Amino acid sequence: MLKAAFNFFLLLALVSLFIARKSFILFLVLVVLLAIIAVVVQKAKILEDWSVFITGAQGRGDKVISTAKDSINARKVSTIEMKEEKVGPRLTPAAFGETREFLKITDRRSLKLGSFKIYVNAIDYGDSLFVSWYLTYMPDIWQTIASLLPGTRKIIGLDDLDLFNRQDLTAYVTCVHKCVQDAVDKLMLEMGQDPSKVDRRSRGFLGIS
């Protein structure tokens, strides 16, 4: 509905540019407002996730995240970007309401891959620690606006992940998955726990173990 309205007013704006320039401004404003709405209402789609509950590890979340970051950096993947930021429940920066700090990881190897972001978190739960990561699909702002145009979703979206896209995505997620697991294993061994009992397979369409 939003996409249809955007394209309708965009067409009217283009037509009015040549036959009624006073109307052009009005239609252009409507196009801009619809683009802003599209950006505001978008939310991340969770495609894959993995988690583990570490008994007695309260207060050690920062250590897990730090170890995971070091492990990712050690892989020397130049296209991977990492940033710690506080986000709301829609996994977007939130000025108000409840927020939680996540390590946001992006692989900028290609235009499509950049839309797949991984959020890693380690949060206390009673005397224990809940470690998790979530693979999400959420285009950047300009990609969201571009996707309103006919045909562009196939260029930047999920519609047609080819073999190379799938290969790159799997390698990227596997890299992060292994690094987070390494951090979890290290902490559990330090606490005298057995990491071999942890279910290592992720839940989703990739099913990485």
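Take any residue in the sequence shown, note its place counting from 1, add 72, and you have its number in this note's numbering. A virtual CB, placed ideally from N, CA and C, is assigned to each residue, including glycine. Please read all numbers here as calculations on a predicted model, not as lab measurements.
In whole angstroms, what separates the C-alpha of residue i from that of residue j?
{"i": "S182", "j": "N237", "result": "8 Å"}
{"i": "I177", "j": "D234", "result": "22 Å"}
{"i": "S138", "j": "L278", "result": "26 Å"}
{"i": "T127", "j": "G276", "result": "25 Å"}
{"i": "V159", "j": "Q239", "result": "29 Å"}
{"i": "L261", "j": "C251", "result": "15 Å"}
{"i": "A140", "j": "G198", "result": "23 Å"}
{"i": "D179", "j": "F168", "result": "28 Å"}
{"i": "I97", "j": "V203", "result": "51 Å"}
{"i": "E173", "j": "T216", "result": "24 Å"}
{"i": "Y244", "j": "A146", "result": "14 Å"}
{"i": "Q265", "j": "Q253", "result": "14 Å"}
{"i": "G131", "j": "P222", "result": "49 Å"}
Can you name, in chain order, every residue of its own chain whose Cβ lies under 7 Å from the Cβ of residue i, other than the five neighbours on each side?
{"i": "A129", "result": "S200, L201, L259, M263"}
{"i": "G133", "result": "A194, I195, D196, L201"}
{"i": "A92", "result": "none"}
{"i": "D257", "result": "P267"}
{"i": "F99", "result": "F81, L84, A85, S88"}
{"i": "Q114", "result": "M210, T216"}
{"i": "S95", "result": "S88"}
Ignore the nearest five residues each way along the sequence and tell me which others in residue i's own chain have a CB closer than 6 Å to its CB.
{"i": "S281", "result": "R272, R273"}
{"i": "V270", "result": "V124"}
{"i": "I190", "result": "I177, W205, L207, V248"}
{"i": "I118", "result": "Y206, T208"}
{"i": "A116", "result": "L163, T208, M210"}
To which residues does DSSP link residue i through a beta bridge?
{"i": "F174", "result": "E157"}
{"i": "Y244", "result": "Beta-bridge pairing links Y244 to no other residue."}
{"i": "T208", "result": "I118, K189"}
Anyone know if the C-beta pair for residue i and residue j falls short of 8 Å?
{"i": "S187", "j": "Y209", "result": "yes"}
{"i": "K185", "j": "L241", "result": "Position check: residue 185 holds Leu in this sequence, whereas Lys was assumed. The answer is yes: Cβ separation under 8 Å."}
{"i": "A255", "j": "V136", "result": "yes"}
Tell me which residues share the same chain as residue i and place their Cβ nearer than 8 Å to its Cβ, disregarding the 5 neighbours each side in the sequence.
{"i": "L175", "result": "I137, A140, K141, M154, K155, E156, Y191, V192, N193"}
{"i": "I144", "result": "I152, M154, I177, C247, V248, C251"}
{"i": "E170", "result": "G160, P161"}
With 8 Å as the threshold, decide whether the Cβ of residue i is near any Cβ in chain B.
{"i": "F236", "result": "Checking the listed chains, one finds no chain B in this structure; it contains a single protein chain."}
Exercise. If you pair each beta-carbon of the region 114-133 with each one of the region 82-93, do three or more pairs fall below 8 Å?
Worked result: no
Problem set entry | the region 104-114 in contact with the region 149-157 per 3-pair CB rule at 8 Å | no
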